[in-house]
Structures are given as C-alpha cells and as structure tokens.
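Protein sequences appear in the order of chains X and P. So in the working numbering, spot 98 of the first sequence is number 99, and the numbers just go up one at a time. So in the working numbering, spot 24 of the second sequence is number 36, and the numbers just go up one at a time. Ideal Cβ positions, reconstructed from N, Cα and C, are used throughout, including at glycine. Notes to accompany the following structure.
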Amino acid sequence: GESVGLHLPTLSVQEGDNSIINCAYSNSASDYFIWYKQESGKGPQFIIDIRSNMDKRQGQRVTVLLNKTVKHLSLQIAATQPGDSAVYFCAEAPGSWAGGTSYGKLTFGQGTILTVHP
Amino acid sequence: GAVVSQHPSWVICKSGTSVKIECRSLDFQATTMFWYRQFPKQSLMLMATSNEGSKATYEQGVEKDKFLINHASLTLSTLTVTSAHPEDSSFYICSAIDRVNQPQHFGDGTRLSIL
Chain X
2 GESVGLHLPT
12 LSVQEGDNSI
22 INCAYSNSAS
32 DYFIWYKQES
42 GKGPQFIIDI
52 RSNMDKRQGQ
62 RVTVLLNKTV
72 KHLSLQIAAT
82 QPGDSAVYFC
92 AEAPGSWAGG
102 TSYGKLTFGQ
112 GTILTVHP
Chain P
13 GAVVSQHPSW
23 VICKSGTSVK
33 IECRSLDFQA
43 TTMFWYRQFP
53 KQSLMLMATS
63 NEGSKATYEQ
73 GVEKDKFLIN
83 HASLTLSTLT
93 VTSAHPEDSS
103 FYICSAIDRV
113 NQPQHFGDGT
123 RLSIL
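Laid out in structure tokens, this is it:
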C-alpha cells in the first residue's frame, strides 16, 4: 500500500514561539481554503478560512496566507501553547459555481503534526 | 453554534455485522452532509456526499452497496456499514454544511473496530 500518508510532517516548537504550518494545494481552480485542527480521537475543528480573492486573513492568534501563484497556503500561530498540539489539515474547495457533485466538497491535505513543548 | 453530533463514538462488533452510524446537525439545517474515512496517521478521505431527500453521491472506489447512506431529514444522515469485515475498521467522520463554501462542521467521529 501507499506509504506517503503514514508519515505526516511534524513540527516541534517551544511554548510561546510562533508556528508556521505549510500546505501545497493541488487545484488551481479551488476558490475556498480552510484550516482545521484535529486532536487525537476527535473530528476536525474549524480554525480559519480564506477565499481566493484574498491573500491574507487574520483571526485570534492565527493568520492564513494564500499564494495562488505557487498554490501554497500557510497557517501561522502566534505564541503557540501546549493546547495547540494537534494535527493540522488544510483543505480546498471548488468555487461556488461548481455545482452538482462538487457542491461544497473539500479535498484535504495530508496534515502536519504540531507538538508544543512547555 | 454549528454543532454536529455523531453517534456512537465507538463500536466493536463481530465480522459480518451491519453497523449504523448517525450524524446530526443540532442547531442548523444541513443541506449537505459528508462522510469521511480516516486511517491512523492519515488524512480524511471523502467517501460520499449526502443531500437531503436524494441519493448520495459516492466517491470513486467506494462501494455504495457496502456503505449505505440515508439523509432523510435536514438534520440527520446515517451511514450503515453492511456485513462489516476487519478491513472496514477505521475512524468514520461526518460533516455538514448549510450553504456552499461555508466551513464544514465535523462530528467527533466513530471508531469502528471489527473483530
């Protein structure tokens, strides 16, 4: 079987540091992007989203940057805390004009394991 | 707001058993619900898209007769794994949206273990 998915990228940081998690997306026609946080044994939790007509969006302690030229998405977490330790997934969705079976569908990236050391 | 509840959270059963998993949107009407499967240390793989009152749309490679999906109301979708076998053991997660390109809100998943 495929082994790529068995080795998620990892990022280890010290408490209080800033974290940057990167994601390369696949579809240049994607219009909507989301970052999710998934803790062990739970479903993904929404963090922040961004549409393709923007290149930056800020939330509480988090910032998402979108570079459509190179199809790259990043999540910046300021003053990282131990409670931020989790797996982080980016996801992309087609534009709202993509009706039918593409309606609302997300394609998830492989995920990054973030570990925050006290 | 936007709470999705999934039940049960954990199921252990014998090979050959059929298992039903429920996904409910508690405080909004979900026009569309999605079912995902996730293996350990892997990403979420979409299995099917479920729209209220119509047949589910399955992703390539997902057996629709094996994974039966019913979306009878705007707040409930069910996934039934029929005649489950050990290879069906996985983490099954549902999500729901009320409008296109709004964040999908996820349930907390169902850990299915087939002995």
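Taking the CA atoms as reference points, P:Val16 sits about 32 Å from X:Asn68.
Taken atom to atom, the span from the alpha-carbon of P:Lys32 to that of X:Val63 is near 37 Å. Put simply, the segment 63-81 of chain P does not touch the segment 53-62 of chain X. Fewer than three CB pairs are less than 8 Å apart. The Cβ neighbour count for P:Ser107, taken over all protein chains shown within 10 Å, is at least 16; the residue is labelled buried. Per DSSP, P:Asp100 lies in no beta strand (DSSP E) segment and is marked neither H nor E. Cβ-Cβ separation between P:Thr122 and P:Val23: approximately 6 Å, consistent with a contact (criterion under 8 Å).
If you compare the alpha carbons of P:Ser125, P:Gly28, P:Phe46 with that of P:Ser89, the shortest gap goes to P:Phe46. Using a Cβ-Cβ cut-off of 8 Å, P:Thr29 does not count as an interface residue toward chain X, since no Cβ of chain X sits closer than that to its own. As the crow flies, the alpha-carbon of X:Asn23 is around 15 Å from that of X:Ala87. Taking the beta carbon of X:Gly110 as reference, the chain P residues within 7 Å of it are Ser55, listed in sequence order.
Contact between X:Pro95 and X:Asp50 does not hold, since their C-beta atoms are separated by about 14 Å, which reaches or exceeds 8 Å.
In the DSSP assignment, P:Lys32 is bridged to P:Thr92. X:Leu74 is outside the set of residues whose beta carbon lies under 8 Å from a beta carbon in chain P. The Cβ neighbour count for X:Met55, taken over all protein chains shown within 10 Å, is under 16; the residue is labelled exposed. Cβ contact annotation for P:Ala68 (same chain, cutoff 6 Å, sequence separation greater than five): Ala60, Ser62, Ile81, in chain order.
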